[in-house]
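Working notes, structure below.
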Amino acid sequence: MATYLRKCWLLIGLGLGVVALGCGRGSKSGEAPTASIPPQASAAANPADASFADSVYTETDNADQLPPPDRTLNGLSTGKLRADVQRLWDEIKFVSSTGNKITFAARFETDDGPMTLALLPDIAPIHVRNFVALARAGYYDGLLFEHVIQQEGDGMPDAKLEMIEGGCPAGTGEAGIGHLGYWLPAEFSETIKHEEGTVGACRGDDPDTAGCRFYITLSKAPVMDGNFTIFGRVTDGLDVMRRIAKRPRPEGGIRPNEPAVIRKVTIHSREVDK
50 MATYLRKCWL
60 LIGLGLGVVA
70 LGCGRGSKSG
80 EAPTASIPPQ
90 ASAAANPADA
100 SFADSVYTET
110 DNADQLPPPD
120 RTLNGLSTGK
130 LRADVQRLWD
140 EIKFVSSTGN
150 KITFAARFET
160 DDGPMTLALL
170 PDIAPIHVRN
180 FVALARAGYY
190 DGLLFEHVIQ
200 QEGDGMPDAK
210 LEMIEGGCPA
220 GTGEAGIGHL
230 GYWLPAEFSE
240 TIKHEEGTVG
250 ACRGDDPDTA
260 GCRFYITLSK
270 APVMDGNFTI
280 FGRVTDGLDV
290 MRRIAKRPRP
300 EGGIRPNEPA
310 VIRKVTIHSR
320 EVDK
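In this text, residue positions in the sequence shown follow this note's numbering: the first is 50, and each later residue adds one.
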């Protein structure tokens, strides 16, 4: 993802614009499809109600996407985790049997303190369902905030960016392994913006390569608007994320010397009366 962002900043610096040269949905224009999914996937009428099979990409021709590790940094089988996500998928509902909306929040326990985020199924139902399923499967417990990205924008205020990235199964943030063998279709929004505390899905050059990794912005990031899937907002503990971002790291590097550990992620749901 960091490589992708550098490409976007370069294009802005040249005055050519982000989306026009492949930092948005147009990046696959004129190329062979980079992913294939079962035919029924395109038939899902409502992403919020779609099954796992109808929601994700399970095969890819994208050479940038590498096989996931057999086990995550916290010792869990990636094959079992994928099976657990598929099993939990249909249990995650955004509307109750009585028609009331169900809201979701995620509570992080980290080395530097707690953080809570509100999930946004109205904006990105597939990404929210994936995050909830991963958290309930224990995927994030023991993983890292592996990258801290701070860019001043080279005199261009709109290109300034500060954020942290976490959730890599191997704990490295290496490009192409931020998944469990399936990928999520982009759920870009032209209306929701990257403010401080925005939570979104890390991806590669192709828009449809998000998996398990996520980012949290610590500044406004207009360069990312409309080019990344936003699925949450930090509601408490942004100061904790800022402390994590201040951990020492090599000059010019994005990986802290001692990355903060995600000790546990707990999902809380609540039914809201009509």
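Every residue, glycine too, gets a C-beta built ideally from N, C-alpha and C.
- Shown here, Ile-241 sits in coil according to DSSP, grouped into three states, outside any helix or strand.
- Going by beta carbons, Asn-276 and Leu-233 fall outside the 9 Å limit.
- Under DSSP, the beta-bridge partners assigned to Phe-263 are Gly-215, Ala-250.
- The secondary-structure analysis by DSSP pairs Met-273 with nothing; it has no beta-bridge partner.
- By the Cβ rule, the stretch 176 to 195 counts as touching the stretch 127 to 134, because three or more pairs are nearer than 8 Å.
- In this structure, the beta-carbon distance from Ala-294 to Asp-160 does not fall below 9 Å.
- Taking C-beta atoms as the reference points, Phe-153 and Val-177 count as a pair closer than 9 Å.
- Residues Thr-127, Pro-218, Ala-219, Ile-226 of the same chain have their beta carbon placed closer than 8 Å to that of Pro-118, with the five preceding and five following residues left out of the count.
- Assigned with DSSP and collapsed to three states, His-228 falls in coil, not helix or strand.
- Annotation: the continuous alpha helix (DSSP H) that includes Gln-135 extends over 127 to 138.
- Between the alpha carbons of Met-290 and Ile-241 lies a distance of about 21 Å.
- Between Thr-258 and Leu-166, the C-beta gap is not smaller than 9 Å, which leaves the two residues out of contact.
- Boundaries of the alpha helix (DSSP H) harbouring Ile-293: 287 to 294, taken from the DSSP string.
- Residue range 162 to 168 is occupied by the beta strand (DSSP E) that includes Ala-167.
- Put simply, the backbone Cα of Gly-124 is about 23 Å away from that of Gly-162.
- Under the 10 Å beta carbon count, Pro-170 is surrounded by 16 or more other beta carbons and is classified as buried.
- Thr-221 is not a Cβ neighbour of Thr-247, given a cutoff of 9 Å.
- Across the structure, Asp-139 and Ser-100 are spaced so that their CA atoms are roughly 6 Å apart.
- Listed as beta-bridge partners of Tyr-106 by DSSP are Trp-232.
- If you draw a 10 Å sphere on the C-beta of Glu-236, you find 16 or more other C-beta atoms in it, and that means buried.
- Closest option to Arg-156, judged by alpha-carbon separation, among Val-321, Glu-320, Lys-313: Lys-313.
- Taken through DSSP and simplified to helix, strand or coil, Leu-115 comes out as coil.
- As computed with DSSP, Ala-155 is found in a beta bridge with Leu-166, Ile-316.
- Judged by beta-carbon spacing, Thr-107 lies within the 9 Å limit of Tyr-231, meaning their Cβ atoms are closer than that value.
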